[in-house]
Amino acid sequence: MCPAADEQVRVLIVDDHPIWRNGVARDLTELGFSVVGTAGSGMQALRIAKAVQPDVVLLDLNLPDLPGSEVTRQLLTAHPAARVLVLSASAERQDVLDAVTAGASGYVLKSAELRELAEAVLATSAGRAVFTPGLAGLVLGEYRRLSAQRDRAGGPAAPALTSRETEVLRLVAKGLTYPQIAVRLGLSPRTVQNHVQNTLTKLQLSNKAQLVRYAIEEGVE
Amino acid sequence: MCREGFCPDSLTAMADQMWRALAAFRVVALGYAGVLIVRDHSLYAHPGAGLLVLGAMTCWTLTTVAAYARPAGRSRWLLGTDVAVAAAMVMSTRWIDSAARISAGSATLPAFWAAAPVLACAVAGGPWAGIAAGLAIAGADMVEHPQLQPQNTFNGVVLLLVAGGLVGYVVRLGTRAEEAARSATRREAAAAERERLARSIHDSVLQVLALVTSRGRALGGEAAELGDLAAQQEAALRALVSGTGSEDGHDTGLLDVRAVTEPLADGRTTVSCPATAVLLPEPATRALGAAAAAAVDNARRHAGADARCWVLLEDDAAAVLLTVRDDGCGIAAGRLAEAAAAGRLGVAQAIVGRLENIGGTASVISAPGAGTEVELRVPRG
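Protein sequence lines, in the order shown, are assigned to chains A and B. Per the numbering used here, residue 6 is the first one in the first sequence, and the count goes up by one each step. Per the numbering used here, residue 154 is the first one in the second sequence, and the count goes up by one each step.
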């Protein structure tokens, strides 16, 4: 499952701003990543991904043709082994949340330092979730919204956080690193990572189940 | 004036309704006049002329109903002719009917059919046009009945003037209201378009600022200072852009707490919020925002030059929770109590006081070297 140590991580960069696309490609190449392609639109990204089979797709959310969440969904349907890391300057929280529930493994702001970006790409390629404090705040809010919605309207069980998961997410949102959280809660860093990962997986599974339910209902009628 | 089909928008729905009602009124009034003339024409001085007038009224009714149905037909010329025709028919009564019946106060030949052109002028030209047409028809009435008889002619004149003025006034009022509503819709559409353009421009600017930030910091030295400046502007713009969408609660007296927390973000302060609005009554939101700003300000000043700060806004069924955490040098245990005892508790007291005013609580957790965490909690009523 994990690539061999000497195997380079294959990255596809999707961004409609050429300066960003080229700048990030150059930086990642210098750091030893293999940039296997760049794309300026969602459709182009889907076409190129088919040809180059990337490990990690670095995805900007403001694309001229498709919403970022849609690109994420289609990429992951066509290439289940690939991971999507959102790299965005977007100020639209809902866009970020949509992309993450559609299956993206994490979110990095474009103003992040190169070192942070490289770490995030590595973590993503290893299947780990990459959370900024901002994303943790969004995910906490989304779980609360889902549970409030279920309380109001009934309906199918909404995904819920365990109290430990909530605790971990809140600490991420308050800016603590995974090792700091591990120390504070008396857990191993690996366990902290798993908790964070679970919060995302549950949200994505619930989103997928909703889509399937929707498709069946539409199809039956 | 505009042609039909060219700018249908300028034709108000209300005026259109009035024209249709007016057509119906004219037909009903023609029926009433017809009944009177057919019943009484044998008593007239010139019975045949009476029936002729009825025929002319029928023709004129058909002409005007057809013409007024189209906006282009509602011309000054036709309206003027309409008034003249009605006045002529009122005056013809004097010659056609018998003198005895006239002095006994009988109705004029067209009866209240003569009010139709007055209402038409009022709908087309507003209150003053209505009153002017009313005066013209009233003048004809006077000629027909030289001595004012309070029980009918005088009452008729007053009613004509009132109807002309009032209908004109109401139509003008309605038209203006509709125009205002339409221009509001237009403004809203323009604002939405501006916002769409602004979003795309803001996105490009954010991209460039983010680039300068990350490149500048990587280069170090003076470039790093530029990077920090860019980071501040990026955070300010981000807060501004996301603030525009949070006006949800304006009419209800509620205000999105995100609108007051987002502006706290800068190069060293990260603000995390839910994707959906966090609504509290406006005074509570303002107090919470001021308390959070004081906490962030305190962190910037006392936590140390390299300290960073995180603001987390959470919303659950029971309460709104706002946490301000910094990774600075912290406050030694007992120092807060010491300060309180010495009567200098500026910041903490301001924060606690603000929260108490709105029924909330504030707590501070801090240890030397482990930063400070201020938790502000406002229960949901």
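No residue lacks a Cβ here, since even glycine has one placed at the ideal position from N, Cα and C. All values reported here derive from a predicted model rather than from experimental measurement.
For I255/B, report the span of its alpha helix (DSSP H) as first-last. 252-256
What does the Cβ neighbour count give for D459/B, buried or exposed, with the cut at 16 atoms within 10 Å? exposed
Express the C-alpha separation of V16/A and E75/A in angstroms, rounding to a whole number. 19 Å
Looking at A240/B: is its Cβ nearer than 9 Å to the Cβ of A293/B? yes
Could you pull out every unbroken alpha helix (DSSP H) segment of at least 4 residues lying fully inside the stretch 27-66 of chain A, listed in chain order? 47-57
Residues that L371/B contacts on chain A, provided the C-beta gap is smaller than 9 Å: In the sequence under discussion, the amino acid at residue 371/B is Ala, which differs from the Leu named in the question. Under the 9 Å cutoff, chain A gives D32, E118, L119, R120.
DSSP has V464/B in a bridge; who is on the other side? V424/B, V477/B
Candidates V531/B, T422/B, A447/B, D450/B: which alpha carbon is nearest L475/B's? V531/B
Give, in chain order, every residue of the stretch 130-143 of chain A whose Cβ lies closer than 7 Å to some Cβ of chain B. P138, G139, A141, G142, L143
Contact the stretch 84-98 of chain A vs the stretch 112-124 of chain A: 3+ CB pairs below 8 Å: yes
Name the residue from V62/A, D70/A, P69/A whose alpha carbon lies nearest to the alpha carbon of T77/A. V62/A
Output, in chain order, the set of chain A residues within a Cβ distance shorter than 7 Å of S519/B. What S519/B touches in chain A: nothing, since even the nearest Cβ is about 14 Å away.
Would a check of beta-carbon distances place T438/B closer than 9 Å to chain A? no
Measure from the C-beta of L102/A to each C-beta in chain B and report whether the shortest distance is under 9 Å. yes
Taking C-beta pairs closer than 8 Å, name the residues in chain B that Q99/A reaches, listed in chain order. A428
Between W463/B, V477/B, L432/B, which has its C-alpha nearest A538/B's C-alpha? This structure gives no information on residue 538/B, because the portion of chain B shown stretches from 154 to 534.
Chain-ordered neighbours of R325/B on chain A, where CB pairs are closer than 9 Å: The contacting residues do not exist; R325/B stays about 46 Å from chain A at best.
Would you call the stretch 413-431 of chain B and the stretch 95-108 of chain A touching, i.e. three or more CB-CB distances under 8 Å? yes
Within 9 Å of any Cβ in chain A, is that where the Cβ of T366/B sits? yes
Return the chain-ordered ranges of every alpha helix (DSSP H) run that is complete within the stretch 80-164 of chain A and spans a minimum of 4 residues. 98-106, 119-130, 138-158
When G513/B, A202/B, S519/B are compared against W248/B, the one with the closest alpha-carbon: A202/B
Do we get a CB-CB distance below 9 Å when we pair D419/B with the residues of chain A? no
Own chain, CB closer than 7 Å to L313/B, minus 5 neighbours either side, in chain order: A268, V271, G287, I290, A291
Give the DSSP-derived three-state secondary structure of A472/B in the structure shown. strand
Measure the CB-CB distance between T261/B and V243/B and report whether it falls below 9 Å. yes
Who are T514/B's beta bridge partners in DSSP? R530/B
Unbroken stretches of the alpha helix (DSSP H), 4 residues or longer, contained in the stretch 331-363 of chain B: none
With a threshold of 6 Å on Cβ separation, who are the neighbours of P535/B within its own chain once the five nearest residues in sequence on each side are excluded? This structure cannot speak to residue 535/B, because chain B is shown only from 154 to 534.
Is the Cβ-Cβ distance between A342/B and A363/B less than 9 Å? no
Going along chain A in order, which residues have a C-beta closer than 8 Å to the C-beta of R461/B? G180
Please report the straight-line C-alpha distance between P85/A and S353/B, rounded to a whole angstrom. 32 Å
Bridge-paired residues (DSSP) for V16/A: V40/A, V61/A
Who are the Cβ neighbours of P184/A in its own chain at under 7 Å, not counting the five residues just before and after it? P194
Using the three-state DSSP reduction, which class does P69/A fall into: helix, strand or coil? coil
Applying the 10 Å Cβ sphere with the 16-neighbour rule, what's the burial state of S399/B? Bear in mind that the predicted position of S399/B carries a pLDDT of just 44, short of 50, making it unreliable; the figure below should be weighed with that in mind. That one is buried.
CB contact check: N212/A to chain B, cutoff 9 Å: no
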